[in-house]
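What follows is a short report on a single structure.
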Amino acid sequence: MNVHDSEKMLGILDKEGYSQTDDPRKADLIIFNTCSVRQKAEQKFYSDLGRIKAYKKRSPTMRIAVAGCIAQQEGENILRKAPYVDFVFGPQNIHMLRNLVSGRTAYIATEDNPEIAKTDLPVKRADGVKAWVTIMYGCNNFCSYCVVPYTRGRERSRPTENILSEVKGLAEKGYKEVTLLGQNVNSYRSDTDFPGLLRRLDRVGGIERIRFVTSHPRDLSEELINAISELSKVCEHIHLPLQSGSNKILNLMNRGYTFEEYIRKVSKLRGKVPGIGITSDIIAGFPSERGDDHLQTVKALKEIEFDGIFAFKFSARPRTKAAGMEGQLAEEIKSERLSQILMIQNEITEKKNRFLEGTIQEILMEGESETDKGKLTGRTRTNKIVNIPNPNKGVEKGSLMSVKITKGRQHSLKGRPI
Ligand code: SAM
Ligand code: SF4
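Be aware that the sequence shown starts at 1, since it is given in this note's numbering, and climbs by one per residue.
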């Protein structure tokens, strides 16, 4: 979501006559698009911000802006901590960027913006094959650990027609894949609901693949499972954050489901969408998590066998309920539990990837691999990275290709075109 917000900022600046540079010393304007979901991201931002001060000293006309969720949370405090910052705007106020750069408005924009879903912004995308498309803004869930409802505001769905016309425009420009973005796409509601939106988008000619993030397990409906199973362009992958295997912790997290309910949904998904890739998020060391709660998460990982997870140490975030809960755990305990979770999942991921050896998969060609030099790379419909040898006869970026998987590794697969 942050990456896509940056694309919107670039879209606005492009129209104002700005062009991009990778060299901060040459920049007239530097924008930090920040994340505050965990403290680590925040620390990293402040140290980068400190570093950039020297650039501004050398070229005093340079302007520095702070955007994103830290901007939203800290507002004027940022200017107090770093007086060399010129303006600050939150994720609900990206539309203000035009006025902010021209100096036509105050230098802090962090108001709630109820119109956000109706006001489309220009987008400048770096990739010509895959595109992020926002379908909803904000979040109403208030999971007890999460800062997002405080920074991105209330949940607001974008009108179906606007989404449809953006996706049609992308297809005309040659895009092949769209990923629909929202904190909780399953609660999308505008002229239609989320399965209805998928059905409308599935008919857009030229688009080959439709993905979406993120699904909240509580709101994952039978209709959505049917839509994934029936619609040919909707990929067989779902990111379904479990967070914990312990019902006590899930309850404290305010997630609104039990482990048993979660697992029933996973079984339904696997029953109706054979081979579906399921990935998840896990938080290690939530307040009052005891050894046996952690073991239930470990057991859950072994039982479900996700295709991959993102796992994080619990990080206390300002204003959230969990930050004030009793039973905050020591960093060492959180780290120990996190590394155990990652070790177990790594084995599972590798095993699942090895299981695909010998199968034939469709990949969407993305170009040269960044990690495996000289190889081409693409993703399966289940969202796994496949690297293939470069045949040197101009494989077109954006083409769909059948490959035979020759090796399954921890982070990617190897294949050969057939
Ligand atoms: N809306 C999505 C959902 O409900 O799954 C995810 C949004 S959140 C920005 C992405 C992930 O960050 C969450 O699934 C959670 O695992 C993790 N996360 C959020 N707040 C956290 C915190 N305070 N400490 C550690 N991890 C956190
Ligand atoms: Fe945060 Fe929960 Fe909303 Fe996801 S659903 S953004 S974790 S509050």
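We treat Cβ as the ideally placed atom computed from N, Cα and C, and that holds for glycine.
- A straight line joining the alpha-carbon of Glu350 with that of Gln20 spans about 39 Å.
- Here DSSP, grouped into helix, strand and coil, assigns Pro122 to coil.
- Within the same chain, Ile363, Leu364, Glu366, Ile385 and Val386 come within 8 Å of Arg379 by CB-CB distance, once the 5 residues on both sides are set aside.
- Separation of the CB atoms of Gly90 and Thr110 is rounded to 4 Å, and the pair is thereby assigned contact status at 8 Å.
- In the structure shown, the three-state DSSP call for Thr359 is coil.
- For Tyr107, the shortest separation between its Cβ and any heavy atom of ligand 1 does not lie below 8 Å.
- With respect to the 9 Å criterion, Ala117 and Arg156 are classified as neighbours on the basis of their beta carbons.
- Annotation for Phe286: Ile249 and Phe314 place their beta carbon closer than 6 Å to its own, counting only its chain and skipping 5 residues before and after.
- Secondary structure of Asp281 (DSSP, three-state): strand.
- With 16 or more other Cβ atoms from the protein chains shown falling within 10 Å of its own Cβ, Phe194 counts as buried.
- At a cut-off of 8 Å, the beta-carbon of Phe306 does not count as near ligand 1: no heavy atom of the ligand is closer than that.
- Met343 sits exposed, since fewer than 16 C-beta atoms from the chains shown fall within 10 Å of its C-beta.
- Residue environment analysis places Glu222 among the exposed positions, since fewer than 16 neighbouring C-beta atoms fall within 10 angstroms of its C-beta.
- Here the alpha carbons of Pro122 and Gln72 stand approximately 22 Å from one another.
- In the DSSP annotation of this structure, the continuous segment of the alpha helix (DSSP H) that includes Lys302 starts and ends at Gly291 to Ile304.
- Here the alpha carbons of Thr214 and His95 stand approximately 24 Å from one another.
- Distances taken from the Cβ of Thr192 to the heavy atoms of ligand 1 include none shorter than 8 Å.
- The residue among Met62, Thr119 and Pro274 with its C-alpha nearest the C-alpha of Ile30 is Met62.
- Between Ile418 and the set Leu400, Ile283, Trp132 and Gly17, the nearest pair of CA atoms involves Leu400.
- Here Glu177 is buried, its C-beta having at least 16 other C-beta atoms within 10 Å.
- Of the residues assessed, Asn93 falls on the buried side of the cut-off, its CB having 16 or more other CB atoms within 10 angstroms.
- Taken atom to atom, the span from the alpha-carbon of Glu260 to that of Glu289 is near 19 Å.
- The three-state secondary structure of Lys130, taken from DSSP, is strand.
- It is roughly 30 Å from the alpha-carbon of Val185 to the alpha-carbon of Leu295.
- If the five residues before and after Met9 are omitted, its C-beta is found closer than 8 Å to the C-beta atoms of Ile31, Asn33, Ala67, Ile94 and Leu97, all from its own chain and listed in chain order.
- When the beta-carbon positions are compared, Ile70 and Ser36 come within less than 9 Å of each other.
- Counting along the chain, the unbroken alpha helix (DSSP H) around Asn77 starts and ends at Glu76 to Lys81.
- A residue is listed when its beta-carbon falls short of 6 Å from at least one non-hydrogen atom of ligand 2; in chain order these are Cys139, Asn141, Phe142, Cys143, Cys146, Val148, Pro149, Gln183, Asn184 and His216.
- Asp202 and Leu231 have their C-alpha atoms spaced approximately 7 Å apart.
- Taking all protein chains in view, the Cβ of Phe87 is crowded by 16 or more other Cβ atoms within 10 Å, so the residue is classified as buried.
- In the three-state DSSP reduction, Ala323 falls in the helix class (H, G or I).
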